[in-house]
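Right, one structure below, let's go through it.
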Amino acid sequence: MSLTSGVRRALARSRWYGAALATFLCSASSLFTGAARAWILPEHVRITEQAIARLPPSDAELLQTYWTSAISRLPELCARADQTLPGATRPDASDTSHEALRPKCVHLAALPALAADHSCSAAELRAILESKPGEDNMFLDLLAVARRTEIELENAATHTEHLDIWLRQNYELESYDENYTERADANTAHFQLPRSAAEESLRGYLSSVFGAGVRVNGIALYANYHAAALRLASAEHGSPTPESILRVILLEAYALHFLQDSFAAGHAVGARPPRELYKGTHDYYSEHGIAARTWSAPNTTYHAYGDSFMTEKDLSYASEATSASLHQVIASLSGQALDDGGIIGSRPWVSEFSSCAESNVPLGLESLAAAAPILRVLERTIMPALSSPAPPQFRLEIGPFLRGGAVLDGTVAKGWAPDEIRWQARGVLSVGAGLGFDGLVTRAQQPGLFLAAVGAFSMGRTLNLGAGFTLQVPFAYVPLDALVWVWPLLGGKVTSTSVRALQGPWGLHTRRRIGNTATLQIVLGRRATLVFYPYYSTHEVGESFRWELTLPFLVVGFEHEYAYPLGHELELELSLHVGHSARDQPARGDEGATSVGVTLSFSNATRLYLQ
Amino acid sequence: MNSSSFQLWSVRATALVFVACLSCGSIERPHTHYPEPVMLNDPELRVGAVAVDVTPPPGITLFGGRPNVRVARGWRGRLECQAIVVTRGALPIAFVTCDLTAVASQLQKRVAELVRQQGFPLERNQLLLMASATEAAPANYFRDRCSTGSVSANPDGFDARVLNWLAERIASAVVRAFAARQPAELRWGVTGVNGLTRNRSAAVFLANAPDLPRPLANAPLSNAVDATLTVFRFDPVRAQPRAGALNPIAVFAVFGMHQNGSSVDNDVYQSDVFGFARRQLERKLADTQPGGPPAIVAIANGIDADTELNVTRNTVRESERVGEALADEIGTVMSEIAPNPVASQETAIAYRELLLPGAAVRAGANPPQLRVPPVRRERLGAGQLSFERALRKKARAEYAFAKRLPVSIVRLGEIVIATLPARISSVAGLRVREAVRASLGQAGANVAIVSSTNGCMHDVTTAEEFPLLRARTASIYGPHVSEFIATHLACLTRALDPRVRSTKEFQNVCGLGQPAIDGATAEPLTTPTSASRLPDDPSFVGLVYNKRLDVSWYADHGERTYEVRWWGPPSGYARSRDRLRVRVECWQPDAGPGACAPSEIADDRDGSIVVRVFAERRADAVLWSAVWIPKITPDYSPWCRGHRFRVFGHELLESAPFRPEPFGGCTPLEIGESAPRVRGRSSP
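So the protein lines, in turn, are chains A and B.
Going by the working numbering, the letters in the first sequence line up with residues 3 to 613, in that order.
Going by the working numbering, the letters in the second sequence line up with residues 86 to 769, in that order.
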């Protein structure tokens with residue numbers, strides 16, 4: 003799961019931390035909206051590696067020749083074109099330290115992964131490769147993160163763990179590439195645009211998404227960069243110089259990134275406004291997949307997934323298209339004529355088009371809708387979703403919400419009366435407000451805080467009315483430790499506690515599935531309900547002041563639904579119960595009674611998100 | 086992971102949870118670097134042509150020149166631009182004709198910028214952006230208040246988004262035309278076409294007597310217009326096509342016609358006569374060589390300010406009739422052009438941006454000055470009076486009028502094209518033509534006058550006509566404007582020879598304090614004067630439930646029309662033809678749509694279907710309407726045959742099959758009984 007733009011932007015503004023908290027509480031939700039990228043870094047790498055492996059031997063041989071020539075201009079690149087990530091043959095590698103996984107050079111298959119997500123143009127991709135040679139190059143660190151993520155995903159035991167690894171990877175990438183989220187959140191460059199009913203064919207769709215004034219989109223950017231690569235390659239007439247080969251490879255790498263993105267389910271459903279729903283929709287379809295059809299085989303469907311959930315099918319489809327695209331470039335470099343009707347060679351394409359800065363596609367792309375090489379590749383891509391009837395959109399549970407709930411619980415406790423265990427039934431109604439920040443911390447941490455006023459009536463041997471509040475705050479180790487791991491960061495200090503806090507401590511809070519309908523999770527300390535009874539009545543001592551604290555420690559969640567703007571949860575909780583009644587005649591030396599027990603409660607709550 | 090890397094990313098990640106909202110500012114992102122312009126060096130003539138749809142979504146005010154102009158609610162025939170790029174050697178010239186009422190100089194500037202940005206060496210002085218002068222095109226893209234003020238647009242104001250909307254699309258067409266250039270041969274023909282237009286004000290015309298130009302001196306008043314039709318045909322260089330087949334790259338015609346086919350209560354975009362003519366000619370060309378690349382037909386407006394359609398009633402149907410007649414005339418000229426290309430394939434252009442008002446009209450001790458005259462008030466109705474008052478108010482403020490007006494002379498083979506940023510009356514236009522001819526030294530030279538190009542200074546009349554006209558139709562810079570323009574176009578004609586430009590004698594006659602030839606003056610960016618009215622792309626298409634479309638009919642001006650309505654996205658959704666188009670297909674239940682000939686399919690591009698927003702009752706969805714006005718030709722009659730509507734939009738919608746019937750009914754039935762009769766309404 004990737005972080006949202008606001009979070010990552012703020013990374014670059016750490017000096018403003020002091021005023022952050024209050025502002026965050028009021029408006030953070032508007033920022034957790036857009037940042038979503040397609041395949042995660044290791045998946046891009048795998049797609050390209052397999053695409054290279056799919057090339058015919060003659061193409062592979064030529065590719066190696068050209069690659070060898072190109073690296074003479076850029077020594078940061080690995081010697082072999084078919085090089086893979088370190089440890090790729092050892093998925094269960096025991097040494098997953100950063101140093102062990104950090105490659106010594108950038109290989110060909112990594113370039114599409116580093117393009118667009120970690121640079122804004124082919125020129126910037128090259129500039130980053132050249133700017134910090136050797137050990138300091140951030141790309142090498144990114145590839146180490148990618149490899150470790152891949153290993154961890156393969157070893158993830160639970161679904162929650164998988165989601166957490168996805169989330170953590172984005173934090174790690176952000177730490178090496180401070181503009182990571184900036185790029186992803188900049189525009190709709192990584193998405194396909196929805197298809198209307200009028201676009202019955204690939205050509206019709208391309209005419210639509212290549213048009214002047216159309217929002218920037220992945221298919222248009224692939225066509226633009228691929229055409230630029232082909233034009234440059236064919237201009238060399240079979241005798242390319244090392245410099246031109248390098249430029250062609252970087253352009254094609256940039257193009258391939260967007261081509262591969264088009265196979266990710268979260269991106270094939272399109273980026274339909276409003277922006278607030280981009281990420282939620284993207285994440286949902288990445289995880290749950292779509293029934294995908296390609297333009298070339300519209301009657302055959304396969305289940306396509308997205309970021310971090312890539313399957314062998316996804317890999318196969320995406321690598322096949324990547325391979326076809328690479329083949330065209332290799333053929334052009336070797337001097338073979340393009341079967342494009344002269345379209346691609348007819349004009350200079352905007353090879354330095356910034357995929358981060360522009361909001362519309364380059365002008366004049368429409369002619370590429372008729373270019374056979376472009377069509378031959380893009381016919382292998384997934385048909386984007388129709389704009390109507392459109393697939394449902396989703397939103398992460400982020401931003402301020404109002405919360406109303408009702409709880410029925412039963413408590414068995416000792417201490418109300420000497421040597422006696424008593425029971426109490428209680429009904430609690432709560433109304434409050436909170437802030438959701440799903441996607442910023444792991445699901446296991448219950449990413450939402452709220453404070454609600456409660457009214458309670460308890461029924462044991464007597465009936466009593468009380469009032470109080472419920473507070474939920476995520477924490478890492480102990481309740482309220484958020485102050486520990488957040489506050490230093492507000493001052494710009496570093497603690498490993500903070501890191502662990504983001505990931506969830508020791509896996510204790512991992513949410514386990516029970517069948518298909520329920521989850522089980524230890525939540526001790528995240529939530530507390532404190533109720534005061536000003537006139538608590540018992541037969542023994544008459545009326546007294548009493549407070550009760552309920553601390554859930556085990557939760558069985560039956561339902562946690564969210565359909566913007568309403569969220570709903572249904573839970574069965576096992577809680578610790580502590581209560582204390584003040585005696586009405588303390589002068590007699592009786593200081594009061596403290597009850598301790600367990601509470602079983604059934605809660606039902608609804609959240610209304612305000613944005 | 087070691088602790089240092091932990092620290093590194095943890096600092097950023099966690100802190101950000103709490104500072105996110107401060108980060109609304111963005112980090113500077115790398116910007117796009119556009120390619121350097123390519124070098125043109127092909128010695129031969131190369132031509133590329135592309136057409137582009139420029140119909141904005143409904144919701145923008147129409148620029149009708151009336152005080153009661155309306156906001157567009159749909160379209161009848163799409164607005165389009167045609168870009169023809171001609172290069173020879175290092176000189177490119179882009180001829181761009183557009184279904185617009187007029188051209189803002191800032192639009193021309195923006196288009197040139199965008200084209201150059203994409204790597205094509207097109208300077209502003211090599212771009213001829215020509216408006217067809219249809220009165221049913223969008224407004225709000227002019228920077229001068231005179232053209233975007235309350236007298237021309239309602240709501241008024243300059244809207245930068247409308248300008249960019251047009252500029253991006255036009256530039257895209259020019260870029261593609263540049264890219265599609267191929268070796269070409271130029272052919273041309275000139276003829277006179279009488280009967281399509283007439284002079285709309287005999288009294289004003291006769292004020293020029295006895296100094297009437299020769300073609301009009303002896304003509305009957307009904308023909309007191311410039312009837313010259315000039316046709317350029319750009320053919321690909323290849324083997325001679327089969328006999329009778331014409332498949333040019335592009336056809337560029339110039340004919341003067343004030344297109345007033347839309348009624349005063351029109352509220353849809355329309356391309357008017359030129360649109361009908363263009364589509365008719367494109368169909369004919371496609372028929373002569375099926376499967377060949379489509380030829381682009383571009384028609385520019387000539388001398389038209391005092392003309393009107395030669396019809397008894399201004400209706401769209403009459404516009405269509407005139408348009409098809411014009412297409413026939415152009416087709417005739419095309420087919421009669423000699424098969425051999427003309428001897429000279431030379432191209433040249435001279436361009437100048439004149440600064441108004443206050444300019445000296447001619448050299449001398451006390452040259453008359455161009456000025457903004459007071460507004461005449463006689464014979465005005467209440468509405469007109471209000472209009473004239475508004476115009477007078479604007480006239481006091483000099484800024485209200487365009488001050489930078491481009492003119493140019495283009496040599497295309499053996500023909501010279503003179504362009505001016507205004508509509509010009511017949512006598513004034515012919516005097517300009519004579520001045521250019523005199524400058525050429527060829528009394529009989531073919532000179533095409535193209536109006537409404539690269540700028541907007543409204544109407545230009547002769548000094549004799551000026552006192553008889555109200556402000557709206559008189560020259561807004563005074564009585565000497567046509568003289569001023571003629572002087573400069575004659576000078577530009579001489580300047581086609583670069584050796585002449587530097588001579589002292591040339592400077593004396595042609596200087597007049599005006600900027601250098603071929604120089605584009607700096608033009609400041611204009612800030613919008615009103616909130617944008619270009620509808621946004623709707624963020625959300627509400628849940629709409631369209632069952633099978635019901636077809637109903639009603640009588641419109643004595644014609645049977647058929648209508649479907651459906652709930653669809655707000656108007657901003659219809660941002661391109663790919664988003665929404667409507668067809669009526671001949672539909673035979675047993676044989677399917679393939680059984681019908683292409684001519685038996687009506688399309689909303691061709692003007693026989695009116696698509697409009699019928700009602701806006703919801704924020705997220707509106708009720709759309711498509712009305713088909715069947716057109717009966719010798720080859721096709723819809724009566725008593727099965728048809729159906731198909732709407733290609735946010736979803737594909739189809740109507741039940743229906744059978745158009747003439748008022749007398751169908752006898753005998755020609756399709757199966759299963760085809761239902763449509764529900765009818767007795768009145769519109």
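The C-beta atom is built at its ideal place from N, Cα and C for all residues, glycine as well.
- Residue pairing for glycine 133(B): DSSP places it in a beta bridge opposite Val170(B).
- For aspartate 143(A), no beta strand (DSSP E) run applies; the uninterrupted alpha helix (DSSP H) run containing it begins and ends at 140 to 157, by DSSP.
- For the set Gln527(B), Leu213(B), Gln211(B), Gly498(B), the Cα lying nearest the Cα of alanine 269(B) is the one of Gly498(B).
- Of the other Cβ atoms in all chains shown, fewer than 16 fall within 10 Å of the Cβ of alanine 408(A); this residue is therefore exposed.
- In this structure, valine 545(B) and alanine 503(B) do not form a Cβ contact; the two beta carbons are roughly 12 Å apart against a cut-off of 8 Å.
- With the rule of 3 Cβ pairs closer than 8 Å, the stretch 140 to 149 of chain A does not count as touching the stretch 277 to 284 of chain A.
- Distance between proline 402(A) and glycine 159(B), taken at the CA atoms: about 41 Å.
- Each of Arg428(A), Arg405(A), Leu404(A) was checked against the Cα of valine 414(A), and the nearest Cα belongs to Arg428(A).
- When secondary structure is reduced to three states using DSSP, valine 278(B) falls in the coil class, being assigned neither helix nor strand.
- Less than 8 Å divides the Cβ of glycine 734(B) from the Cβ of arginine 664(B).
- The straight-line gap separating the alpha-carbon atoms of threonine 417(B) and threonine 538(B) is approximately 26 Å.
- Counting along the chain, phenylalanine 290(B) sits inside the alpha helix (DSSP H) bounded by residues 287 to 291.
- Inside the stretch 638 to 716 of chain B, DSSP marks whole beta strand (DSSP E) runs of 3 or more residues at positions 644 to 653, 666 to 671, 686 to 688, 694 to 700, 707 to 713, from first to last along the chain.
- Of all residues in the stretch 177 to 208 of chain B, the ones placed with a Cβ closer than 9 Å to any Cβ belonging to chain A are Leu199, Val200, Gln202, Gln203, Gly204, Phe205, in chain order.
- Taking the Cα of arginine 82(A) as reference, the smallest distance to any Cα among Cys107(A), Ala102(A), Pro59(A) is reached at Cys107(A).
- Taken through DSSP and simplified to helix, strand or coil, phenylalanine 337(B) comes out as strand.
- For isoleucine 524(A), the enclosing beta strand (DSSP E) covers residues 520 to 524.
- Closer than 8 Å to the CB of aspartate 350(B) there is not a single CB belonging to chain A.
- A residue is called buried once 16 or more other Cβ atoms fall within 10 Å of its Cβ, and asparagine 451(B), having fewer, is exposed.
- Interface flag for arginine 349(A) against chain B is set, since a Cβ pair is found closer than 8 Å.
- Comparing alpha-carbon positions, the option among His573(B), Pro424(B), Ile534(B), Ala428(B) lying closest to leucine 440(B) turns out to be His573(B).
- Note: cysteine 183(B) is bridge-paired with Cys166(B), Ala216(B) in the DSSP secondary-structure output.
- Judged by DSSP secondary structure, alanine 252(B) falls outside any beta strand (DSSP E) and instead within the alpha helix (DSSP H) spanning 245 to 264.
- If you draw a straight line from the Cα of serine 577(A) to the Cα of leucine 568(A), it is about 27 Å long.
- With respect to chain B, the C-beta atom of glycine 450(A) has no partner C-beta closer than 8 Å.
- By alpha-carbon distance to proline 742(B), the top candidate from Leu192(B), Phe361(B), Phe730(B) is Phe730(B).
- Collapsing the DSSP output to three states places arginine 299(B) in a helix.
- The CB of proline 620(B) never comes closer than 9 Å to any CB in chain A; the least such distance is about 13 Å.
- At a C-beta separation below 7 Å, serine 257(B) has these neighbours in chain A: Ala214, Leu365, Gly366, Glu368.
- Non-local beta-carbon contacts of alanine 435(A) in its own chain, meaning distances under 6 Å to residues more than five positions away in sequence, involve Leu404 in chain order.
- Along the stretch 115 to 134 of chain B, going in chain order, the ones with a CB nearer than 7 Å to a CB of chain A are Pro115, His116, Thr117, His118, Tyr119, Pro120, Val123.
- Neighbours of serine 356(A) in chain B, taken as residues at a C-beta separation under 7 Å, are given in chain order as Arg114, Pro115, His116, Thr117.
- Nearest neighbour of alanine 189(B) by Cα position, chosen from Thr172(B), Leu214(B), Leu411(B), turns out to be Leu214(B).
- For valine 566(B) and leucine 176(B), the gap between their C-alpha atoms comes out near 31 Å.
- No Cβ-Cβ contact shorter than 8 Å links valine 339(B) with arginine 363(B).
- Secondary structure within the stretch 356 to 438 of chain A: the alpha helix (DSSP H) runs of 4 or more consecutive residues, fully enclosed, are 374 to 380 (chain order).
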